[in-house]
Amino acid sequence: MNLIAWQGYTEDQWVKPFEQKTGCQVNVKYGNSSDEMVTLMRQGGGGQYDMVSASGDASLRLIKGGDVQPVNVNLIPGYKDFIAQLKSPPHNTIDGKHYGVSYEWGPNTLLYNTQKVSPAPTSWATIYDAKYKGQVTVPDNPIQIADAALYLSKKDPSLGIADPYELN
Numbered sequence: 001m002n003l004i005a006w007q008g009y010t011e012d013q014w015v016k017p018f019e020q021k022t023g024c025q026v027n028v029k030y031g032n033s034s035d036e037m038v039t040l041m042r043q044g045g046g047g048q049y050d051m052v053s054a055s056g057d058a059s060l061r062l063i064k065g066g067d068v069q070p071v072n073v074n075l076i077p078g079y080k081d082f083i084a085q086l087k088s089p090p091h092n093t094i095d096g097k098h099y100g101v102s103y104e105w106g107p108n109t110l111l112y113n114t115q116k117v118s119p120a121p122t123s124w125a126t127i128y129d130a131k132y133k134g135q136v137t138v139p140d141n142p143i144q145i146a147d148a149a150l151y152l153s154k155k156d157p158s159l160g161i162a163d164p165y166e167l168n
């Protein structure tokens, strides 16, 4: 099985028992960003990769680009016991078809210099505060656009942002 994954998602302590139990050899190519994972999937067209551990911001690009196939979640033991938020998230479920299986999520953390920022931030609104203009750094990737859209959808509902992954 050929995978594209994030570093730390295919540790030997998980992979080796899987290989021993199933006889399936796992080969991993690590991606360092969502953009890199999308590129690897597209360059490996024709089935070079069997699976990709894509983040939400990459999933829709892969689905809409025809780079991935639907997954039969009925074949996954315990899927019925997944928490509701992970069963059909909009970034990997289109028209009722599952193109991925979400099993966790990670935080987008807000870090700040306590010697420069006071009082301590209590929300993401801080990064949009004019007094910090030119002093804020965010990763240059699509998920940051979705994060900003989510913030703006609450701050200014008149913008009509219904889905931060589907901006128009």
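Letter 150 of the sequence shown, counting from 1, is numbered 150 in our numbering, and no numbers are missing. No residue lacks a Cβ here, since even glycine has one placed at the ideal position from N, Cα and C. Remember, it's a predicted structure, so these values are computed and weren't measured experimentally.
On the three-state DSSP scale, how would you describe T137?
coil
Got a sec, what are the start and stop residues for the beta strand (DSSP E) Y30 sits in?
N27 to Y30
If you reduce the DSSP assignment to three classes, tell me which class K97 lands in.
strand
Please go through the segment 60–87 and give each complete alpha helix (DSSP H) segment of 4 or more residues, from N-terminal end onward.
84–87
Please identify the residue among N27, D67 and F82 whose C-alpha is closest to the C-alpha of N74.
F82
What residue from Y103, S88 and S102 has the CA that sits closest to G96's CA?
S88
Three-pair Cβ contact test at 8 Å for the segment 4–16 versus the segment 40–53
yes
With distance defined between alpha-carbon atoms, name the residue in M37, S34, A125 and T10 nearest to N27.
T10
Assign V117 to one of three DSSP states: helix, strand, or coil.
coil
Counting along the chain, where does the alpha helix (DSSP H) carrying L152 start and finish?
P142 to K155
Compare the Cα-Cα distances from G23 to each of M1, A149, P107 and L111 and report the closest residue.
M1
Output yes or no for whether 8 Å exceeds the beta carbon distance between V71 and V38.
no
Return the chain-ordered list of same chain residues with a C-beta closer than 8 Å to the C-beta of V136, the five sequence neighbours on each side being excluded.
I127
Look at the Cβ atom of M41, then the Cβ atom of D67, and state whether they are nearer than 8 Å.
yes
Measuring only the C-alpha atoms, how far is D129 from P139?
18 Å
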